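Notes to accompany the following structure.
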Amino acid sequence: MVDPQSDPALVAQADPAIEPTLDAQAAQFEEIQPDAPQPVQTASLAPAQGRGMQTLVPSNPYMVAYPKLDDPSNMPQTAPMRPAVMPADEVDCRSDLKKLDVTYRDLPPIRDGAACGIDYPVKVSAIGSVQMKPAATVTCQMAASFAAWTKRDLVPAARLRYFSGVKTIHQGSSYSCRKIAGSRTLSEHGKGNALDIMRIELNSGRDIDVEKPGLFAFRTRGFLNTIRADGCSYFNTVLGPGYNYDHRNHFHFDIKQRRNGYRACR
Numbered sequence: 001m002v003d004p005q006s007d008p009a010l011v012a013q014a015d016p017a018i019e020p021t022l023d024a025q026a027a028q029f030e031e032i033q034p035d036a037p038q039p040v041q042t043a044s045l046a047p048a049q050g051r052g053m054q055t056l057v058p059s060n061p062y063m064v065a066y067p068k069l070d071d072p073s074n075m076p077q078t079a080p081m082r083p084a085v086m087p088a089d090e091v092d093c094r095s096d097l098k099k100l101d102v103t104y105r106d107l108p109p110i111r112d113g114a115a116c117g118i119d120y121p122v123k124v125s126a127i128g129s130v131q132m133k134p135a136a137t138v139t140c141q142m143a144a145s146f147a148a149w150t151k152r153d154l155v156p157a158a159r160l161r162y163f164s165g166v167k168t169i170h171q172g173s174s175y176s177c178r179k180i181a182g183s184r185t186l187s188e189h190g191k192g193n194a195l196d197i198m199r200i201e202l203n204s205g206r207d208i209d210v211e212k213p214g215l216f217a218f219r220t221r222g223f224l225n226t227i228r229a230d231g232c233s234y235f236n237t238v239l240g241p242g243y244n245y246d247h248r249n250h251f252h253f254d255i256k257q258r259r260n261g262y263r264a265c266r
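Numbering (full-length UniProt numbering), first residue to last: 1 to 266.
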């Protein structure tokens, strides 16, 4: 038997046309090889530094996947949260307001700096049929004291002297964050414990200004003196015309607490 390897005639001659085809296939094979594995991109667990929500929640690793918000200092500020359960004395006070037929609504807590504010403010718009203009923002305790004075003393005094009911109480100041004029002491207005009364409008159409009446205005003077004196039974401070220049044109009523229950009625 003839060894095909030893017979030159039987040795296959390389076909030059085959080599380029094989080379092209090899090149094509190389082209379809998968790309080299790329490193997996993962979110960093370190908190992102910068402004926005990440500043508000620096310990939350998931926040890095969300777009940043505006600077929190420019975001709308919400009112301070009050306890879910209203204290018993505030609940009782609101029961008193209903008994006194006070029209009011509760407001969110008021905070003006470290000194001024009201934890449970109410806005009073009427006491029975007597309107309050503008509506007064005060503590519930101040609202109750003022309502009691209005119903038990102011309205009866008006009927006695003018044969008329009271239509509107015009107030000049309720809650206001300020100091007592010429003093460093915080005014009771800054705590919601005070009201300034400028004038009283009767159902008959008569307007009674609190400012000191004329020399011969006997009925007006008697009316104002009566309701001012009666106020000392409801408020811890009653000031008005004749006390000083700042109170020349209004009654100031407040419920400031003093030692030994002292009341300032001047």
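We put the beta carbon where it would ideally sit given N, CA and C, even for glycine. The model shown is predicted, which means the values in this text are computed figures rather than measured ones.
State the start and end residues of the unbroken alpha helix (DSSP H) segment that holds residue i.
{"i": "Ile127", "result": "Ile127 -> not in any alpha helix (DSSP H); beta strand (DSSP E) instead, spanning 121 to 127."}
{"i": "Met142", "result": "140 to 149"}
{"i": "Asp230", "result": "218 to 230"}
{"i": "Arg94", "result": "88 to 99"}
The beta strand (DSSP E) with residue i in it runs from where to where?
{"i": "Arg258", "result": "Careful: Arg258 lies outside any beta strand (DSSP E) and carries neither H nor E."}
{"i": "Ala194", "result": "194 to 202"}
{"i": "Tyr104", "result": "102 to 106"}
{"i": "Leu239", "result": "237 to 239"}
{"i": "Val166", "result": "166 to 173"}
{"i": "Ile161", "result": "For the sequence presented, residue 161 should be read as Arg rather than Ile. Segment 155 to 162 is the alpha helix (DSSP H) holding Arg161; no beta strand (DSSP E) there."}
{"i": "Ile208", "result": "207 to 209"}
{"i": "Gly117", "result": "116 to 118"}
{"i": "Asp112", "result": "110 to 112"}
Could you check the C-alpha separation between residue i and residue j for me, to the nearest Å?
{"i": "Asn203", "j": "Ile197", "result": "18 Å"}
{"i": "Gly52", "j": "Tyr104", "result": "Per-residue confidence for Gly52 stands at a pLDDT of 37, beneath the threshold of 50, marking its modelled position as unreliable; the derived number appears in the next sentence. One C-alpha to the other measures close to 39 Å."}
{"i": "Pro72", "j": "Pro156", "result": "Annotation note: pLDDT 40 at Pro72 (below 50); position unreliable, coordinate value reported separately. Taking the straight line joining both Cα atoms gives about 55 Å."}
{"i": "Thr237", "j": "Ala194", "result": "9 Å"}
{"i": "Gln131", "j": "Met86", "result": "27 Å"}
{"i": "Pro241", "j": "Lys151", "result": "23 Å"}
{"i": "Gly50", "j": "Gly113", "result": "Residue placement at Gly50 is poorly supported in this model, since its pLDDT is 42, which falls under 50; the coordinates still yield a value, given next. Looking at the two C-alpha atoms, the distance is approximately 28 Å."}
{"i": "Ala88", "j": "Ile110", "result": "20 Å"}
{"i": "Tyr162", "j": "Phe216", "result": "16 Å"}
{"i": "Lys191", "j": "Thr185", "result": "12 Å"}
{"i": "Leu97", "j": "Asn244", "result": "33 Å"}
{"i": "Glu90", "j": "Gln141", "result": "8 Å"}
{"i": "Arg159", "j": "Leu224", "result": "13 Å"}
{"i": "Gly117", "j": "Ser183", "result": "19 Å"}
{"i": "Thr78", "j": "Leu107", "result": "Because the pLDDT of Thr78 is 46, which lies under 50, any placement of that residue in the model is unreliable, and the question is left without a value."}
{"i": "Arg266", "j": "Ser174", "result": "20 Å"}
{"i": "Glu201", "j": "Lys167", "result": "6 Å"}
{"i": "Ala126", "j": "Gly214", "result": "30 Å"}
{"i": "Lys119", "j": "Val138", "result": "Reading the sequence as shown, one finds Asp at residue 119 and not Lys. For Asp119 and Val138, the distance between alpha carbons rounds to 10 Å."}
{"i": "Tyr262", "j": "Lys133", "result": "30 Å"}
{"i": "Arg228", "j": "Phe251", "result": "8 Å"}
{"i": "Lys99", "j": "Val122", "result": "16 Å"}
{"i": "Lys179", "j": "Gly222", "result": "32 Å"}
{"i": "Asn74", "j": "Ala144", "result": "For Asn74, the pLDDT reaches just 47, beneath the cut-off of 50, and the residue's location in the model is therefore unreliable, although a value from the coordinates is still provided. Taking the straight line joining both Cα atoms gives about 39 Å."}
{"i": "Arg94", "j": "Phe218", "result": "39 Å"}
{"i": "Ser176", "j": "Ser164", "result": "32 Å"}
{"i": "Leu239", "j": "Arg259", "result": "19 Å"}
{"i": "Val102", "j": "Ser129", "result": "9 Å"}
{"i": "Gly172", "j": "Lys256", "result": "19 Å"}
What whole-angstrom Cβ distance do residue i and residue j have, given they're in contact under 8 Å?
{"i": "Thr226", "j": "Ile208", "result": "The Cβ separation is near 12 Å, so there is no contact."}
{"i": "Val124", "j": "Ala135", "result": "6 Å"}
{"i": "His170", "j": "Arg199", "result": "5 Å"}
{"i": "Asn249", "j": "Glu188", "result": "Actually they do not touch by this definition, with Cβ atoms about 19 Å apart."}
{"i": "Asp153", "j": "Asp230", "result": "4 Å"}
{"i": "Ala181", "j": "Asp254", "result": "So it is not a contact: roughly 14 Å between Cβ atoms."}
Assess contact between the stretch 129 to 149 and the stretch 221 to 235, defined as three or more Cβ pairs (one per stretch) separated by less than 8 Å. Is contact present? Contact between the stretch 129 to 149 and the stretch 221 to 235 is present, with at least three C-beta pairs closer than 8 Å.
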